[in-house]
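Residue numbers (this note's numbering), protein chains in the order written: chain A, 522 to 635; chain B, 33 to 147.
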């Protein structure tokens, strides 16, 4: 069974600081997704990582994937209040009849304060 | 910009009643997913359709939940009878290709409260 673990689960940051959220998964996969969710809202796609060594950047967020280590990171640079949200990683357990089945991590609740 | 549509957005029901949720995926998307998200947790897949066929419903509680996508376009998820533990956000997502490995786009969700 595929397990996806994020840490930390709660992150309180000061504006302007940098930090990294980690996503570890338990079985082989080369497809990983990062989503953002605001309170009471649906999921917004941030990054799609489709190969080992993939790196994507958008604004203050940068995501990377190391399939050999089964690890993805979401790095936040110079945090601002608007980044406050819950961030999920999700791993695509491809193969067999379960292609496209995403397994989500528990989520990291990020709060950015002045 | 094309979006996944869901209705209703909110539903309050009493235990043992029947509820139904509707989802209209992005036009042309062959794959449709229903997820359940309990407060404070990540979404969990309930059922996956490829066109009108069920690909994976291994996590669907089939004694009370049913899902259909009769014409391979929109879909309905039903719960009968609802239980207190069914209170959650129900999310629908779609992806474009038959391989099912493309990015999934999520709808706004239906928040269900069972009293």
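Each residue gets a CB set at the ideal place from its N, CA and C atoms; glycine is no exception.
> For residue 64 of chain B, does the three-state DSSP call read helix, strand or coil?
Replying inline: Reduced to three states, the DSSP call for residue 64 of chain B is strand.
> Helix, strand or coil for residue 132 of chain B per DSSP?
Replying inline: Here the model assigns residue 132 of chain B a pLDDT of 48, short of 50, so the residue's position is not dependable and the matter cannot be decided.
>> Can you confirm whether residue 13 of chain B, when its beta carbon is compared against all beta carbons of chain A, has any partner nearer than 7 Å?
In response: Nothing in the structure corresponds to residue 13 of chain B, since chain B is present only between 33 and 147.
> Going by DSSP, which residues form a beta bridge with residue 578 of chain A?
Replying inline: A:583
>> Can you look up residue 116 of chain B in the DSSP assignment and give me helix, strand or coil?
In response: Judged by DSSP in its simplified three-state form, residue 116 of chain B adopts helix.
> In three-state terms, what does DSSP make of residue 123 of chain B?
Replying inline: strand
> What residue from A:600, A:571 and A:545 has the CA that sits closest to residue 626 of chain A's CA?
Replying inline: Closest option to residue 626 of chain A, Cα to Cα, is A:545.
>> Please classify residue 44 of chain B as buried or exposed, where buried requires at least 16 other C-beta atoms within 10 Å of its C-beta.
In response: Within a 10 Å sphere around the beta-carbon of residue 44 of chain B sit fewer than 16 other beta-carbons, which makes this residue exposed.
> How would you call residue 132 of chain B, buried or exposed, if buried means at least 16 neighbouring beta carbons within 10 angstroms?
Replying inline: For residue 132 of chain B, the predicted model reports a pLDDT of 48, less than 50, meaning its position is unreliable; a value from the coordinates is still stated below. Buried, by the Cβ-count rule.
> So, does the CB of residue 88 of chain B fall closer than 7 Å to a CB anywhere in chain A?
Replying inline: yes
> Quick one: what's got a C-beta closer than 7 Å to residue 61 of chain B's C-beta in the same chain, skipping five residues either side?
Replying inline: 126, 127 and 128
>> Please report whether the beta-carbon of residue 35 of chain B lies at a distance below 7 Å from any beta-carbon of chain A.
In response: no
>> For residue 632 of chain A, which residues in the same chain have their Cβ closer than 6 Å to its Cβ, ignoring the five residues on either side in sequence?
In response: 533 and 605
> Do the CB positions of residue 101 of chain B and residue 111 of chain B come within less than 7 Å of each other?
Replying inline: no
> Cβ of residue 140 of chain B less than 7 Å from any chain A Cβ?
Replying inline: yes
> From A:571, A:602 and A:579, pick the residue whose C-alpha is nearest to that of residue 635 of chain A; which is it?
Replying inline: Nearest to residue 635 of chain A by alpha-carbon distance, out of A:571, A:602 and A:579, is A:602.
> residue 627 of chain A CB to nearest chain B CB: under 7 Å?
Replying inline: yes
> Residues of chain A with CB under 7 Å from residue 74 of chain B, in chain order?
Replying inline: 609, 625, 626, 627 and 628
> Under 9 Å Cβ-Cβ, which residues of chain D neighbour residue 566 of chain A?
Replying inline: Protein chains A and B are contained in the structure displayed, whereas chain D is not.
> For residue 57 of chain B, which residues from the same chain have a beta carbon less than 6 Å from its beta carbon, with the 5 sequence-adjacent residues on both sides left out?
Replying inline: 36, 64 and 126
> Roughly how many angstroms lie between the CA atoms of residue 583 of chain A and residue 600 of chain A, to the nearest whole one?
Replying inline: Cα to Cα, residue 583 of chain A sits roughly 12 Å from residue 600 of chain A.
> So, are the CB atoms of residue 52 of chain B and residue 108 of chain B less than 7 Å apart?
Replying inline: For the pair residue 52 of chain B and residue 108 of chain B, the CB atoms are nearer than the 7 Å cut-off.
> If we cut at 7 Å on Cβ distances, does residue 636 of chain A have a partner in chain B?
Replying inline: The structure shown does not extend to residue 636 of chain A, since chain A is modelled only from 522 through 635, so no value can be given for it.
> Of the residues B:66, B:46 and B:114, which one's Cα is nearest the Cα of residue 92 of chain B?
Replying inline: B:66
>> Run through chain A and tell me which residues come within less than 7 Å of residue 77 of chain B, C-beta to C-beta.
In response: 622 and 623
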